[in-house]
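Those letters in the sequence shown? Residues 1 to 380, per the working numbering, in order.
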Amino acid sequence: MTGAKEPIKIRTKKLANQNLSLYLDIYYQGKRTYEFLKLYLIPEKTKADRQKNQQTMQLANTIKAQRIVELQGKAYGLKIPVKAEISFFDYYQAMCEKREDSASKGNWENWVACLKHLRKYEPNSRISFSQITPKWINGFRDYLEHRATAWGCDSRNRTKSTPLAPNSRHSYFNKLKACLKQAYEDGIIETNPMLRVDKPRPEEVKRMYLTMDEIRILAETECEHPGTKRAFLFACLTGLRRSDISRLTWKDVQSQGDFTRIIFKQKKTSGQEYLDITPQAALLMGEKGRLEERIFQDMYTPSNTNQIIKRWIVKAGIHKNITFHCSRHTFAVMMLDLGTDIYTVSKLLGHRDLSTTQIYAKILDKNKQAAVARIPELLT
1 MTGAKEPIKI
11 RTKKLANQNL
21 SLYLDIYYQG
31 KRTYEFLKLY
41 LIPEKTKADR
51 QKNQQTMQLA
61 NTIKAQRIVE
71 LQGKAYGLKI
81 PVKAEISFFD
91 YYQAMCEKRE
101 DSASKGNWEN
111 WVACLKHLRK
121 YEPNSRISFS
131 QITPKWINGF
141 RDYLEHRATA
151 WGCDSRNRTK
161 STPLAPNSRH
171 SYFNKLKACL
181 KQAYEDGIIE
191 TNPMLRVDKP
201 RPEEVKRMYL
211 TMDEIRILAE
221 TECEHPGTKR
231 AFLFACLTGL
241 RRSDISRLTW
251 KDVQSQGDFT
261 RIIFKQKKTS
271 GQEYLDITPQ
281 AALLMGEKGR
291 LEERIFQDMY
301 TPSNTNQIIK
311 RWIVKAGIHK
321 NITFHCSRHT
331 FAVMMLDLGT
341 DIYTVSKLLG
351 HRDLSTTQIY
361 AKILDKNKQA
371 AVARIPELLT
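Next up, the structure:
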């Protein structure tokens, strides 16, 4: 291939969101093929945008160089496993950037936090995928369990000696797992080293919820911010996440017989959902506005919202640690308490895996309640 034109060029395709999708234009032995890299350039509005684009282009050029070497290997009948020499951190960084706009803020922050811990664990900034072995992964798991601290990668003035919570360790390890799985699917590694590693188990957390009587009390209790009260009660009656409620517009609302139906795409899973809601939930949405208008416009940040809810809970005389997300737990437990089968509850919550919903069945086990109720009076 010496003296021939460069067989691979990086090209861009403009997307509807104004980002540029990068792909390789490959011309080899009279045949043209394309490889989309799942890398994107964003409009450069700030210095940070320019730096991000530079990093993305650096990764794209690295992949391009690897593909050229592969073609050269083919020309001489050689099998050159060069993909595994791609920089692990460059690839992981690109996955973080891809999720910045598409994933929930919490999920994206976990990806970034994991990257910080990975860099703290591995001092070699140019480590390649060929060096990511089961032994290396076990070392990272050991780091998370015994050396990583909750605020160890935080620049703010916080106590740095608090060990990572079990669920944080589980979450960060899962991000590495997702990265290696994607690298395997992209053909960068021939085998996934994660398959031979035991994963840390998450700690079962206590899910706080409100009873139906407590919901009634809250509905009768004045809240300092009516918009928060309206959104929270709506969530208790529908099971919708805060992220989905905050994005609801009137174009998402339709009539389905005697029901009001909400058709929306979950932010967390990107799944298309069709949810019928009760008349009292529909009443909480208020008067219909313009199609593009958000239904719940006056929602504060998650932190401020939770502070308002805590004061409202205290005012109502309820002694529970309740956040906005507890409304989702409340809906799930209420549905099971009313006799709804777990499969239907799973569909109402938009869960992809039934095992996620079964956690709520453990909270409210009717069989256990019935068994305990059969115990006769033994004490006089």
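Backbone N, C-alpha and C define an ideal beta-carbon position, used for all residues, glycine too.
Secondary structure note for Q307: its alpha helix (DSSP H) is the uninterrupted segment P302 to K315. A contact is defined here as three or more CB-CB pairs under 8 Å, and the stretch 251 to 270 fails this definition with respect to the stretch 306 to 322. Residue pairing by DSSP places L24 opposite I10 and E35 in a beta bridge.
Annotation: the continuous beta strand (DSSP E) that includes F259 extends over F259 to K265.
Listed in chain order, the alpha helix (DSSP H) runs fully inside the stretch 338 to 376 are 342 to 349, 354 to 363 and 366 to 373, counting runs of at least 4 residues. Across the set N306, K105, L349 and A65, the C-alpha of L349 shows the shortest separation from the C-alpha of Y274. Within the same chain, Cβ atoms closer than 8 Å to the Cβ of T344 are found at M335, the five residues on either side in sequence being excluded. Assigned with DSSP and collapsed to three states, I245 falls in helix.
I245 and R126 have their C-alpha atoms some 42 Å from each other. The C-alpha of K181 is placed about 29 Å away from the C-alpha of P43.
In the three-state DSSP reduction, Y121 falls in the helix class (H, G or I).
Between the C-alpha atoms of T260 and E97 there is a straight-line separation of about 37 Å.
When only Cα atoms are considered, A219 and Q307 end up about 18 Å apart. Around the beta-carbon of V333, 16 or more other beta-carbon atoms lie within 10 Å, marking it buried. Between S128 and E85, the gap from beta carbon to beta carbon is short of 8 Å. For E273, the secondary structure class from DSSP, reduced to helix, strand or coil, is strand.
Relative to P200, the option among S171, E185 and E190 whose CA is nearest is S171.
Assigned with DSSP and collapsed to three states, T162 falls in coil, not helix or strand.
The stretch 86 to 94 makes contact with the stretch 109 to 118; the number of CB pairs closer than 8 Å reaches 3 or more. Between D25 and K9, the CB-CB gap stays under 8 Å. Between the C-alpha atoms of Q266 and D49 there is a straight-line separation of about 27 Å.
Counting C-beta pairs closer than 8 Å gives fewer than three between the stretch 293 to 306 and the stretch 206 to 222, which falls short of the contact rule. For Q280, the uninterrupted alpha helix (DSSP H) run begins and ends at P279 to L284, by DSSP.
Contact between T278 and L237 is confirmed by a C-beta separation of about 6 Å, below the 8 Å threshold. DSSP lists P163 as the bridge partner or partners of T149. A direct Cα-to-Cα measurement between L71 and E6 gives close to 11 Å. Only residues of its own chain outside the window of five on either side were considered, and among them C96, R99 and K175 have a CB closer than 6 Å to the CB of W111, listed in chain order. Considering only L248, R67 and V253, the residue with the shortest C-alpha distance to M299 is L248. F88 is not a Cβ neighbour of I137, given a cutoff of 8 Å.
Ranked by how close their Cα comes to the Cα of R169, the residues P226, L144 and K120 have L144 in first place. In this structure, the beta-carbon distance from Q358 to I375 does not fall below 8 Å.
Counting other Cβ atoms within 10 Å of its Cβ, R196 stays below 16 and is therefore classed as exposed. Beta-bridge pairing by DSSP links L41 to L20. The residue from Y23, I63, I295 and H319 with its alpha-carbon nearest to that of F234 is I295. Judged by DSSP secondary structure, F232 falls within the alpha helix (DSSP H) whose first and last residues are P226 to T238.
With respect to A60, L22 sits close: the two C-beta atoms are nearer than 8 Å.
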